[in-house]
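S.K.: This is the structure I have questions about; it appears just below.
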Amino acid sequence: ANAVQTRKAMHDDGPSKRPVGVSRVYETSSAAELRPREFVVLERTWERKPLLPACTVMDEAAEGKWGDTGARERGLSDMSGEEKVLWVCFFVLGAGTLAGWNSLCAAVDFFRAHFEGRDAPVWLSLTFEVATMTSLALLALGADKVSSQARFGVGFLAGALVLGTIPHAAKMSGAAAWAVVVLLSAGLGLGNGMTEGSLYGLAAAASERTGVQYAVPAQAGQGFVGVFVCGCRVVTKAMFTQDKQGSMVSAQVFFSLAALLSLVCALVGYRVASAVRGARTGEEAAAIHHLSWGEKIGVVREVREFAQANVLINCVSMMLFPALATSARATTTEGLSVSWMAVIVVSCYSIADTAGNLYGMDWLRLLGGGRRPAARELQASSAWRITLVPVMMVSSTGWVKVRFDLSMLCVL
């Protein structure tokens, strides 16, 4: 949180080449004093292509121009034209990384209608997450073997192909349709691991000052996509009848929109990743400092509060989403069908999730509201989510004399 990246040009081999720089992570004890972290110094070579601004020597941090934090992000009004383009690009990429997962959640009514008695939300969520973690583990072990262009290009293209195929696979008969959809969910998870696991690394490589300049729009995109996808699902569901044929047509339109978003992200991700390249020669590669396991553990210890909060958030979300979708009963108020109730509950969650992501963003702080929570506050709010699990169990099993839909909306 107190890290500042300063980059200095090392050499320029000729007028046709841009400078190759070295990035180090520094710890600040005051605005004007920088000293390397004792536990690790991260070094990497990098080169920018025309999409990004030319390399500059970042002396502003050392001169104390960023105030008392030494690592404050600039607002959109302070960015150049190309930086604003990159801001939008990372917003789109952030949205694309979670488009597949949110599409599975928002279309829970479709899966329940076509695969009755199979607990589709639970099994599809489990398959997706296992595949995602497998993809992340493989990429972490062989990080140098897969380029960023391949990760974003292949990952998003695979997601687009899977999303476009799911409604057609559901038309198959019997157990074959279910087996194919489960396999497609696994394929979607593999592609998701390639893109989501590479998003913040690319954002750090493209950021000039703090190393997290473009992590802000990436996070904002991940928060926004839930509302966008659920909104698309509500519209497509309302456009067609609620019989099996109408459900199939609305699902085809919905998944086509999600696939289109993934295709756009494939183009954007490949272009941005191509503009931020690593070492190209043996001499440049020799300057890269590869972290040992001890150094990696040291990094984790430095951000342990944030890491613990992230684990809690994702674990509880993975438990609640399938439970919310599966437990919704047909006994709803105002004549809402069980399929509509599932979509509404997931949409309420997405709206609240987006509001949480907006809290602490720079533009909100400029308006006088919002702030960046402390690490312990994040831990506490993440741990509090665990209490929702027994609340959901009580509400869905009828242990309390309230209707399921009202209790769910109150809890959300």
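Position 241 (the sequence shown) corresponds to 241 in full-length UniProt numbering; numbering is contiguous.
Backbone N, C-alpha and C define an ideal beta-carbon position, used for all residues, glycine too.
Note that the structure is a prediction, hence the values are computed from the model and not measured.
Determine the contact status of L157 and A266, defining contact as a CB-CB distance below 7 Å.
M.R.: It is a contact, given that the beta carbons lie within the stated cut-off.
S.K.: Could you please give the first and the last residue of the uninterrupted alpha helix (DSSP H) stretch that includes L291?
M.R.: That residue, L291, is in no alpha helix (DSSP H); it is neither H nor E in DSSP.
S.K.: Can you tell me whether DSSP reads V276 as helix, strand or coil?
M.R.: Residue state, collapsed to three classes: strand.
S.K.: Measuring only the C-alpha atoms, how far is L260 from G294?
M.R.: Approximately 42 Å between the Cα atoms of the pair.
S.K.: Between K171, A380, S262, K244, which lies nearest to A99 when the distance is taken from Cα to Cα?
M.R.: With distances taken between Cα atoms, A99 lies closest to S262.
S.K.: Which same chain residues end up closer than 7 Å to V229 when comparing Cβ atoms and leaving out the 5 residues on each side of it in sequence?
M.R.: Correct list, in chain order: A99, N102, S103, A106, A258.
S.K.: What does the alpha-carbon distance come out to for the pair P217 and C315?
M.R.: Rounded to the nearest angstrom, the two C-alpha atoms are 24 Å apart.
S.K.: For a test of the three-state rule: what should DSSP assign to D243, helix, strand or coil?
M.R.: If DSSP states are grouped into helix, strand and coil, D243 belongs with coil.
S.K.: How do the region 162-181 and the region 300-313 stand: do at least 3 beta-carbon pairs fall below 8 Å, yes or no?
M.R.: The region 162-181, when compared against the region 300-313, does not touch it at the 8 Å Cβ threshold.
S.K.: If you draw a straight line from the C-alpha of F254 to the C-alpha of L291, how long is it?
M.R.: So the two alpha carbons sit approximately 43 Å from each other.
S.K.: C89 to G223, Cα distance in whole Å?
M.R.: The straight-line gap from Cα to Cα measures roughly 15 Å.
S.K.: So K145 is in the alpha helix (DSSP H); what residue range does that whole segment cover?
M.R.: Careful: K145 lies outside any alpha helix (DSSP H) and carries neither H nor E.
S.K.: Rounded to whole angstroms, what's the CA-CA distance from G187 to E129? Just pull it up for me.
M.R.: C-alpha separation (whole angstroms): 11 Å.
S.K.: Rounded to whole angstroms, what is the Cα-Cα separation between A131 and G193?
M.R.: Going by the C-alpha atoms only, they are around 8 Å apart.
S.K.: Are the CB atoms of A342 and V108 within a distance shorter than 7 Å?
M.R.: Taking 7 Å as the Cβ cut-off, V108 and A342 qualify as a contacting pair.
S.K.: Using three-state DSSP, classify K84 as helix, strand or coil.
M.R.: Three-state result, K84: helix.
S.K.: Based on Cα-Cα distance, which residue from A309, K244, E196 lies nearest to W384?
M.R.: When only C-alpha atoms are compared, the closest one is A309.
S.K.: Since A374 is in the alpha helix (DSSP H), which residue starts that stretch and which ends it?
M.R.: Segment: none, A374 is in no alpha helix (DSSP H) and carries neither H nor E.
S.K.: If you run the structure through DSSP and keep just helix, strand and coil, what is Q219?
M.R.: If DSSP states are grouped into helix, strand and coil, Q219 belongs with the helices.
S.K.: Could you give the distance in angstroms between the alpha-carbon of S23 and the alpha-carbon of Y200?
M.R.: With a pLDDT of 38 at S23, under the threshold of 50, the predicted position of this residue should be treated as unreliable, though the coordinate-derived value follows. Distance between the alpha carbons of S23 and Y200 is about 16 Å.
S.K.: So, is L141 buried or exposed, given that buried needs 16 or more other C-beta atoms within 10 angstroms?
M.R.: Exposed, because fewer than 16 other Cβ atoms sit within 10 Å of the Cβ of L141.
S.K.: So what does DSSP say about V300, is it helix, strand or coil?
M.R.: Here V300 sits in helix by DSSP.
S.K.: Taking 6 Å as the limit between beta carbons, can you name the residues of its chain near W87, skipping five residues before and five after?
M.R.: Here the set comprises P217.
S.K.: Relative to the alpha-carbon of K244, which residue among L184, S147, R112, A206 has its alpha-carbon at the smallest distance?
M.R.: Among L184, S147, R112, A206, the Cα nearest to that of K244 is on R112.
S.K.: Measuring CA to CA, which of Q379, A150, I344, A355 is closest to L307?
M.R.: According to the sequence displayed, residue 307 carries Ala and not Leu. Closest by alpha carbon: Q379.
S.K.: Just mark I386 as buried or exposed, buried being the case when its beta carbon has 16 or more other beta carbons within 10 Å.
M.R.: Per the 10 Å Cβ criterion, exposed.
S.K.: For L124 and S80, I'd like the C-alpha separation in whole angstroms.
M.R.: One C-alpha to the other measures close to 43 Å.
S.K.: Which term fits P121, buried or exposed, when burial requires 16 or more other beta carbons within 10 angstroms of its beta carbon?
M.R.: P121 should be labelled buried.
S.K.: Excluding the 5 residues flanking S135 on each side, which residues of the same chain have their C-beta closer than 8 Å to its C-beta?
M.R.: Around S135: G189, L190, G191, N192, G193, M194, G197.
S.K.: Take V264 as the anchor and find which of A352, V234, T97 has the nearest alpha-carbon.
M.R.: Checked all of A352, V234, T97; the closest Cα to V264 is T97.
S.K.: Should P390 go down as buried or exposed, given a rule of 16 or more other Cβ atoms within 10 Å for buried?
M.R.: The residue in question, P390, is exposed, as its Cβ has fewer than 16 Cβ neighbours within 10 Å.
S.K.: Quick check: what's the CA-CA separation for L51 versus R271?
M.R.: Residue placement at L51 is flagged as unreliable, the pLDDT there being 43, under the threshold of 50; the coordinate-derived value follows with that caveat. Cα to Cα, the separation comes out at about 9 Å.
S.K.: Consult DSSP for Y214 and reduce its assignment to one of helix, strand or coil.
M.R.: Y214 falls in the coil class under three-state DSSP.
S.K.: Out of K84, F110, A374, which has the shortest C-alpha to C-alpha gap to T241?
M.R.: It is F110.
S.K.: Taking the continuous alpha helix (DSSP H) assigned at A177, which residues delimit it?
M.R.: Segment 174-206, the alpha helix (DSSP H) holding A177.
S.K.: Suppose contacts are defined by Cβ-Cβ distances below 7 Å. Is A273 in contact with S148 by that definition?
M.R.: Yes, Cβ-Cβ distance for A273 and S148 is below 7 Å.
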